[in-house]
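Remarks on the structure that follows.
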Amino acid sequence: MELKKDNYPLLRNYRLVYQQAFIPIFVKDDFDTETLLAGVRLAGVRAMEYTLRREDAHRVLPGLKKKFPECAVLAGSTIDAPNIVRAMKPRFPQLMTLEELAPFVDGFVSMLPFCDGTIRGYRDTHLMIPSAESSGEALRQMRSGATFIKHSGPGTDFTRKLHAAPTFNYCPTFITGGISPDRMEEVYVAGDVLTAAGFDLILKGVDPDVLTPELVAQKLEVFLDTAKAARLLAHPELEGIEQMSDGEFLRVLPNVCSITSVQ
Numbered sequence: 129m130e131l132k133k134d135n136y137p138l139l140r141n142y143r144l145v146y147q148q149a150f151i152p153i154f155v156k157d158d159f160d161t162e163t164l165l166a167g168v169r170l171a172g173v174r175a176m177e178y179t180l181r182r183e184d185a186h187r188v189l190p191g192l193k194k195k196f197p198e199c200a201v202l203a204g205s206t207i208d209a210p211n212i213v214r215a216m217k218p219r220f221p222q223l224m225t226l227e228e229l230a231p232f233v234d235g236f237v238s239m240l241p242f243c244d245g246t247i248r249g250y251r252d253t254h255l256m257i258p259s260a261e262s263s264g265e266a267l268r269q270m271r272s273g274a275t276f277i278k279h280s281g282p283g284t285d286f287t288r289k290l291h292a293a294p295t296f297n298y299c300p301t302f303i304t305g306g307i308s309p310d311r312m313e314e315v316y317v318a319g320d321v322l323t324a325a326g327f328d329l330i331l332k333g334v335d336p337d338v339l340t341p342e343l344v345a346q347k348l349e350v351f352l353d354t355a356k357a358a359r360l361l362a363h364p365e366l367e368g369i370e371q372m373s374d375g376e377f378l379r380v381l382p383n384v385c386s387i388t389s390v391q
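So for the sequence shown, my numbering puts the first residue at 129; every next one is plus one.
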């Protein structure tokens with residue numbers, strides 16, 4: 129497997145996301161942003177998703193990579209339609225187009241599909257993580273260079289469909305929505321290779337007024353550690369991927385890696 133020219137930063141970010149197994153998501157909630165970010169740092173997070181649902185996203189995202197240069201920063205809740213973003217911006221001032229976000233982030237995540245042209249336009253510089261609701265939609269986006277295919281839990285029916293024997297397990301799926309630690313073994317065994325959750329779930333039951341960075345890190349570490357352990361049960365070949373060379377890492381992946389497979 130050969131890497132395309134000039135995409136080593138892309139592989140670095142791909143590895144950071146893949147190796148972590150679980151991605152914390154900044155969503156719309158009542159928790160203080162700076163406290164959450166301090167907790168993320170304490171927990172040693174190397175990949176995070178900051179969604180445009182969060183009302184301070186347009187102020188935070190442009191500077192997040194400078195604060196966390198060691199991390200892969202993903203912009204979430206993105207919309208692949210500049211005209212729609214412009215139309216909705218008066219009601220949601222935090223909205224930004226992919227073009228506006230591109231200089232500040234390492235990848236885009238969406239609850240919606242991306243068109244083929246958008247994936248092809250950014251696939252050499254950014255991790256592209258669109259959603260799919262059908263097998264055909266997943267295949268189309270992977271053929272264009274999507275990095276992972278996101279889908280919504282908590283059920284695993286779609287996961288199992290995308291990983292059925294006739295698919296040859298080609299699709300790296302990323303499940304979000306209600307994936308608490310007690311459900312992680314189930315989703316990894318079903319075929320997903322990444323899980324994620326918002327801080328509204330990670331910190332469920334925590335009073336925002338008493339939140340500290342230490343408490344954020346403590347709660348977050350439960351998700352991070354459980355995800356890695358659960359994924360290893362389903363994919364023991366991923367043991368020690370953090371220490372592998374790039375070539376070794378790519379060889380043990382259970383699914384297609386678009387960085388090497390798309391020309």
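Heads up, the beta-carbon is just placed ideally off N, CA and C, and yes, glycines get one too.
- With a 10 Å radius around the Cβ and a threshold of 16 neighbouring Cβ atoms, A215 comes out exposed.
- Counting only residues of its own chain and dropping the five nearest sequence neighbours on each side, L180 has a CB closer than 6 Å to the CB of S205, Q222, L223.
- Look at F150 here: in three-state DSSP terms it is strand.
- In this structure A293 is not in contact with T323, their Cβ atoms being roughly 23 Å apart against a cut-off of 8 Å.
- In this model, T253 and K217 are separated by some 26 Å (Cα to Cα).
- Residues V201, A203 of the same chain have their beta carbon placed closer than 6 Å to that of V233, with the five preceding and five following residues left out of the count.
- With fewer than 16 other beta carbons inside 10 angstroms of its own, K194 counts as exposed.
- Within the same chain, G305, G306, I307, R311 come within 7 Å of P282 by CB-CB distance, once the 5 residues on both sides are set aside.
- Collapsing the DSSP output to three states places T225 in coil.
- Counting only runs of 4 or more residues that sit fully inside the segment 322 to 380, the alpha helix (DSSP H) segments are 327 to 330, 341 to 362, 374 to 380, in chain order.
- The segment 140 to 160 makes contact with the segment 320 to 336, as at least three CB pairs between them are under 8 Å.
- Annotation note: the segment 217 to 303 contains the following uninterrupted beta strand (DSSP E) runs of length 3 or greater, listed N- to C-terminal: 235 to 237, 255 to 257, 277 to 280.
- Classified as exposed, N211 has fewer than 16 neighbouring CB atoms from the shown chains inside 10 Å of its CB.
- Per the Cβ contact rule, the segment 333 to 346 is not in contact with the segment 137 to 147 (fewer than 3 Cβ pairs under 8 Å).
- Distance from the CA of E376 to the CA of L366, rounded to the nearest whole angstrom, comes to 10 Å.
- Here T161 really is in contact with V188; their C-beta atoms are around 6 Å apart, less than 8 Å.
- In this structure, the straight-line span from the alpha carbon of A171 to that of V350 is close to 10 Å.
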